[in-house]
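Trainee: Numbering (our numbering), first residue to last: 665 to 868.
1) What are the partner residues of residue 758, as DSSP defines its beta bridges?
2) Checking the sheet assignment: what are the DSSP bridge partners for residue 651?
3) Do you know offhand how far residue 771's Cα is from residue 866's?
4) Between which two residues does the alpha helix (DSSP H) harbouring residue 732 extend?
5) Tell me which same chain residues have a C-beta within less than 7 Å of the C-beta of residue 785, skipping the five on either side of it?
6) Taking contact to mean 3 or more Cβ pairs, one atom from each stretch, closer than 8 Å, check whether the region 720-731 and the region 701-712 are in contact.
7) Between the alpha carbons of residue 834 and residue 761, how many angstroms are there, rounded?
8) Just to confirm before moving on: does the CB-CB distance between residue 780 and residue 736 stay below 8 Å?
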């Protein structure tokens, strides 16, 4: 994060960061308060944190299930809750929640992970219907194969090897960043509500 901050500042931008556990409601509130103190307002919230310890349900990896629910679902809810009051007060803002292609399709060993990503889509669509009247935009971003460290959390070695093999077609995270920037840059009366971004050659 420090390197990213320095890169932004070296290019004439303004950036700060605060290490935050997204599964903690209190820490997410503190993050929002910090942003308000530093910048005076919050225009956009991107809920991007996620974990993907894939496994078949019969393996009963309860701790991994709990982690996915805590980060992938509660983290999004806590992020929304932290910024929504100030956005409602100003009657403007943009909340972007990162789901996944697994929020559209369910694969073997992705039952719980897909469940969390389907939940992100449902939460975001519900939020859209609730808050569009307050001029608050929402966007669901569903990436396909992206070159990140997401597979590192998979504890099943055979499954991790297979997933990493599939990830050979992965595209760079900068492609997702450009898509998010595109959604943000639209006029205030235009909302890009959902985007799926994946490699051209990815079949699923």
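A virtual CB, placed ideally from N, CA and C, is assigned to each residue, including glycine.
Mentor: According to the data block:
1) 708 and 801
2) The structure shown does not extend to residue 651, since the chain is modelled only from 665 to 868, so the question has no answer here.
3) 14 Å
4) 726-732
5) 763, 767 and 804
6) no
7) 21 Å
8) yes
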